[in-house]
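Undergrad: Attaching a single structure in structure tokens format; questions to follow.
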Amino acid sequence: MKAPVRVAVTGAAGQIGYSLLFRIASGEMLGKDQPVILQLLDLPQAQNAVKGVMMELEDCAFPLLAGMVATDDPKVAFKDAQVALLVGARPRSKGMERKDLLTANAEIFTVQGKALNEVAARDVRVLVVGNPANTNAYIAMKSAPDLPARNFTAMLRLDHNRALSQIAAKTGKDVASIEKLTVWGNHSPTMYADYRFATIDGQSVKALINDEAWNRDVFLPTVGKRGGAIIEARGLSSAASAANAAIDHIRDWVLGTNGKWVTMGIPSDGSYGIPEGVIYGVPVTCANGEYTRVQGLEIDEFSRERLNFTLAELEEERAGIAHLL
Ligand code: NAX
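The following block contains the structure:
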């Protein structure tokens with residue numbers, strides 16, 4: 001039996017947490033032979049709800065669940081954590097300005113970054129789901145100078161999966177047959193879902209679809225505004241699909257993608273004209289527990305505009321919290 005992996009999850013009492021924890025405990029994230037210890041963080045007022053979730057986790061009698069901890073202290077939750085899913089964040093309340101939302105989250109992610117820096121495993125893999133995810137990941141990364149910057153990532157995978165399913169529907173092909181799709185930039189409606197390099201059974205998706213107006217007027221707005229459409233329809237934001245994307249992100253990072261492209265928000269190395277350090281969605285492949293950015297892709301004029309547009313939003317967010325770091 002392998003030694004258990006310590007997985008910290010914040011926002012454990014929330015709706016994404018409720019979809020996520022059971023799948024982690026059943027082995028869907030780290031493998032069916034990998035025991036896990038769940039270290040659950042939530043606010044003091046949510047501790048009872050966390051206890052309820054833990055009771056349900058117990059009642060599943062998952063063979064791979066080797067232990068659980070519930071706490072409102074990030075230093076307890078992140079102690080020796082090898083994977084940290086930062087899901088909990090301050091939601092936007094009525095009348096709250098975007099600036100206030102950024103500041104409130106900057107405080108949370110500064111504290112959590114510092115705690116990770118102090119107590120987490122030195123190779124901890126961090127995925128930030130809580131919004132604004134890219135900027136929150138940036139803040140956590142900057143607050144954890146003793147940890148490798150490359151271990152801080154933001155979730156663009158839900159956007160990637162949304163784009164995959166739109167293309168599958170448009171072409172009538174299987175989702176699994178689509179390769180080399182990516183989503184650039186911020187996890188927000190400014191993201192740029194890009195199928196210019198994508199293939200299905202070796203055929204170009206761009207050629208198969210052959211409809212630039214569909215790309216611009218249907219595909220990009222549909223993917224970009226999907227979160228809003230789900231809130232409209234369900235009365236609640238995406239939860240199960242967000243949890244699924246988080247599982248995909250960590251599973252692929254740890255277990256590899258066999259050469260397949262996936263999208264991760266990672267600190268820029270300066271390529272594609274993205275300033276170094278900005279947490280930006282890019283295509284990656286994963287092998288041996290590491291991600292590698294896909295390099296050398298051609299950026300045409302339309303794409304450059306879109307890459308710059310989503311970058312401008314990230315730069316604005318970064319400027320908004322710069323004084324706090
Ligand atoms: P919920 O409001 O259901 O749950 C959030 C949980 O986080 C609550 O239990 C709350 O008590 C806890 N929390 C708040 N501040 C905390 C802190 N400082 N430390 C620990 N826990 C804290 O939200 P849910 O629907 O689960 O969404 C969680 C986050 O994911 C939100 O920020 C949401 O905007 C974001 N999303 C990100 C997505 C992405 O693709 N990156 C997609 C889905 C989702 O919208």
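Numbering (full-length UniProt numbering), first residue to last: 1 to 325.
Note that beta-carbon positions come from the ideal geometry of N, C-alpha and C, so glycine has one too.
Fair warning: this is a prediction, and the values are worked out from it, not measured in the lab.
Go through its chain and collect everything with a Cβ distance to I299's Cβ below 7 Å, but skip five positions before and after it.
TA: If you number the sequence shown from 1, residue 299 lands on position 299. Around I299: Y272, L307.
Undergrad: Using beta-carbon positions only, say whether F22 and L57 come within less than 9 Å of one another.
TA: Walking along the sequence shown from the start, residue 22 turns up at place 22. Walking along the sequence shown from the start, residue 57 turns up at place 57. Against a cut-off of 9 Å, the Cβ pair of L57 and F22 comes out as a contact.
Undergrad: Do V119 and K79 have their beta-carbon atoms positioned less than 9 Å apart in this structure?
TA: Here the question's residue 79 lines up with position 79 in the sequence shown. Here the question's residue 119 lines up with position 119 in the sequence shown. Cβ atoms of K79 and V119: closer than 9 Å.
Undergrad: Pull up the distance between the alpha-carbon of L101 and that of G202, whole angstroms please.
TA: Locating residue 101 in the sequence shown gives position 101, where the first residue counts as 1. Locating residue 202 in the sequence shown gives position 202, where the first residue counts as 1. Going by the C-alpha atoms only, they are around 44 Å apart.
Undergrad: Mark E317 as exposed unless 16 or more other C-beta atoms lie within 10 angstroms of its C-beta, in which case mark it buried.
TA: Locating residue 317 in the sequence shown gives position 317, where the first residue counts as 1. By the 10 Å Cβ count, E317 comes out buried.
Undergrad: Would you mind sorting S268 into buried or exposed? The rule is 16 or more other CB atoms within 10 Å of its CB.
TA: Residue 268 sits at position 268 when you count from the first residue of the sequence shown. That one is buried.
Undergrad: Is the Cβ-Cβ distance between Y195 and N215 less than 9 Å?
TA: By one-based count along the sequence shown, residue 195 stands at place 195. By one-based count along the sequence shown, residue 215 stands at place 215. Going by C-beta atoms, Y195 is nearer than 9 Å to N215.
Undergrad: Closest to E212 by C-alpha separation, out of S238, V76, T285, F302, would be which residue?
TA: Here residue 212 corresponds to residue number 212 of the sequence shown, with the count starting at 1. The residue with the shortest Cα to Cα distance from E212 is F302.
Undergrad: Identify whether W253 lies in helix, strand or coil by the three-state DSSP scheme.
TA: Stepping through the sequence shown from its first residue, residue 253 is reached at position 253. Helix.
Undergrad: Identify the residues that DSSP records as bridge partners of S271: which are they?
TA: The sequence position of residue 271 within the sequence shown is 271, counting from 1. DSSP output for S271 lists no bridge partner at all.
Undergrad: What residue does the beta strand (DSSP E) around D194 start on, and which one ends it?
TA: By 1-based counting over the sequence shown, the position of residue 194 is 194. Here the beta strand (DSSP E) through D194 covers 192 to 194.
Undergrad: Could you say which of D59, L116, A106 lies nearest to A81 if we only look at CA atoms?
TA: Translated into positions along the sequence shown, residue 81 becomes position 81. Ranking D59, L116, A106 by Cα distance to A81 puts L116 first.
Undergrad: Since I believe V183 is in contact with T285 (beta carbons under 8 Å), could you give me their beta-carbon distance rounded to a whole number of angstroms?
TA: Position 285 of the sequence shown, counting from 1, holds the residue named residue 285. Position 183 of the sequence shown, counting from 1, holds the residue named residue 183. Not a contact, Cβ separation roughly 15 Å.
Undergrad: Taking the alpha-carbon positions, what's the E97 to P91 distance?
TA: Reading the sequence shown from its first residue, position 97 is the one you call residue 97. Reading the sequence shown from its first residue, position 91 is the one you call residue 91. Rounded to whole angstroms, E97 to P91 spans 11 Å at the Cα level.
Undergrad: Within 9 Å (strictly less), CB to CB, does Q34 reach chain D?
TA: Chain labels in this structure do not include chain D; a single protein chain is all it has.
Undergrad: Are the region 229 to 236 and the region 250 to 264 in contact at 8 Å, needing three or more beta carbon pairs?
TA: With a cut-off of 8 Å, the region 250 to 264 and the region 229 to 236 do not count as touching, because too few Cβ pairs lie within range.
Undergrad: Name the residue from R251, K114, M155, K173 whose alpha carbon lies nearest to the alpha carbon of P145.
TA: Taking the first residue of the sequence shown as position 1, residue 145 is located at position 145. Comparing Cα-Cα distances from P145 to each of R251, K114, M155, K173, the minimum goes to K114.
Undergrad: Please state whether the Cβ-Cβ distance between residue 326 and G27 is less than 9 Å.
TA: For residue 326 there is no data in the structure shown, the boundaries of the chain being 1 and 325.
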